[in-house]
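In my numbering, the protein residues as written are 7 to 490. Note that the Cβ used here is the ideal one computed from N, Cα and C, for glycine as well. Remember, predicted model here, so these are calculated numbers, not experimental data.
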DNA sequence: TCTGGGGTCCTAGGACCC
DNA sequence: TCTGGGGTCCTAGGACCC
């Protein structure tokens, strides 16, 4: 999902930034260690400056809830993280009464009651589907689109320089709103970092109408002067503190700072940000989704877990999710790690342990990997500990098609594994997730939602809390919104 | 009682080899 | 045995993103 933020390596194919500023060939050679310094003379001075638009869904999760529940409009609304832990999305009304991103639910009970804040558990099936609709709509407006996260996309508007870009962006907003119900903000700039700045500024400034074009220098100067360096894409808390120590607190100061000094402080990443703020594009649009290099599935438990059996069941479910992702990208895993840990927010003794298994021949078999995690858990489990979280990490992923066998690997078993997984994936695709699953996963649904009360047995402790989840309006027939 | 989950990239330092 | 330099590969930790 997050391939190309300022920390990512620069794609060698992308060097038009140098064209607009030939004096910076030196700079460019530092940006990418992998590529030779471009020969300035070989680059046409007429190479067009790229144009990026960043489209971002406003309070995306909350907006998704509003689409299906108009009574939430103009109300403070928040959406919670897993286990109803903390705030991960809030509407403007919720921001206005002081609710912050990441606030733990149990610390803001007062505000919630006082202002009658509408509170929702997160419903990723719904948000994922709404996201897909938004991206499909956006794709109508440009052939070059990078889906950057669930609620954001970069669009290349390279061919649109002859149009009024702000007008075009307003049209995009209108159609996305009409076709999906999601309100957006759009920032436009000659680099991704500037498009990001424009987007944030458009959101903040109510007079902007949700659109801001930062393609021209005067507009950049005035907006960057009012923009905190800490809010620039790629500058986190640590880097902001370092910059502040050298007297840099605004984005304008950062842009005009000595680029070598910034690089010394913030590595090559900082250098790129400065150049991007100057209008030299270092971060290319990445239209194709690269395969994951690592797949993680980990979750805090709804309630504390004490037994090895419960841990095994929880982890079997996490492995199931991770392996589905693995097979979707047609990879095989060579290294599998499992970890368990206590509640890090609780006083008292902490425990963390992990174990790793390597597979000589890569595998994508849920069955095999569950068996492997079971063995690992037996070695890292200690009795008498209150576990709060566990997870698995699949790494050293390589193409499944190229799995290599040694003399001792059982190739016949391997091809049977593949067939079995094909069948399982096909059935689950047709009939719904977990229609067919490995016995070790138990009977519980991973999500103890309000609607799962049919079972007579209580949910295992590890299952997630999600007491305030809305129905999956768009992805389950039973949950279709009824009108009338 | 109560605090998310899933990613990527960069750098420094150690191990090892020539 | 000592001394020196340079290269590669791997890993852990730090930082950042949504």
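| query | result |
| --- | --- |
| Taking a contact to mean a Cβ-Cβ separation below 9 Å, would you say residue 339 touches residue 366 in this structure? | no |
| Using CA coordinates, which residue listed in 172, 144, 149 is at the minimum distance from residue 159? | 144 |
| In its own chain, which residues sit with a C-beta less than 8 Å from the C-beta of residue 183, not counting the 5 before and 5 after it? | 189, 190 |
| Taking all protein chains shown into account, decide if residue 219 is buried (16 or more other Cβ within 10 angstroms of its Cβ) or exposed. | buried |
| Below 8 Å, can you find three or more Cβ-Cβ pairs linking the segment 221-233 to the segment 245-263? | yes |
| Got a sec? Which residues, its chain only, sit under 8 Å from residue 459 by beta carbon, not counting five neighbours each side? | The predicted position of residue 459 is uncertain, since its pLDDT is 44 and thus under 50; a value taken from the coordinates is nonetheless stated next. Contacts found: none. |
| Do the segment 378-396 and the segment 301-312 make contact, defined as three or more Cβ pairs closer than 8 Å? | yes |
| Out of 353, 337, 357, 352, which one is the CA nearest neighbour of residue 346? | 357 |
| Between residue 442 and residue 400, what straight-line distance do the alpha-carbon atoms span, to the nearest angstrom? | 22 Å |
| By alpha-carbon positions, which one of 120, 323, 287 ends up nearest to residue 379? | 323 |
| Since residue 568 and residue 383 should fall inside the 8 Å C-beta cutoff, what is the C-beta to C-beta distance between them, to a whole number of angstroms? | This structure cannot settle anything about residue 568, because the visible part of the chain is limited to 7 through 490. |
| For residue 129, count neighbouring Cβ atoms within 10 angstroms of its own Cβ and tell me buried if that reaches 16, exposed if not. | buried |
| Relative to the alpha-carbon of residue 111, which residue among 102, 90, 362 has its alpha-carbon at the smallest distance? | 90 |
| For residue 261, count neighbouring C-beta atoms within 10 Å of its own C-beta (all shown protein chains included) and say buried if the count is 16 or more, exposed if not. | buried |
| Alpha carbons only, please: which of 211, 122, 162, 140 is nearest the one belonging to residue 186? | 140 |
| Using the Cα positions of residue 12 and residue 281, report the straight-line distance between them to the nearest angstrom. | 11 Å |
| Answer with buried or exposed for residue 104, where buried requires no fewer than 16 other C-beta atoms within 10 angstroms of its C-beta. | exposed |
| Do you know whose CA, among 55, 56, 86, lies nearest residue 472's CA? | 86 |
| What does the Cβ neighbour count give for residue 470, buried or exposed, with the cut at 16 atoms within 10 Å? | buried |
| Going by other Cβ atoms of all chains shown within 10 Å of its Cβ, with 16 needed for buried, is residue 422 buried or exposed? | exposed |
| Touching or not, the segment 148-157 and the segment 59-77, by the rule of three or more beta carbon pairs under 8 Å? | yes |
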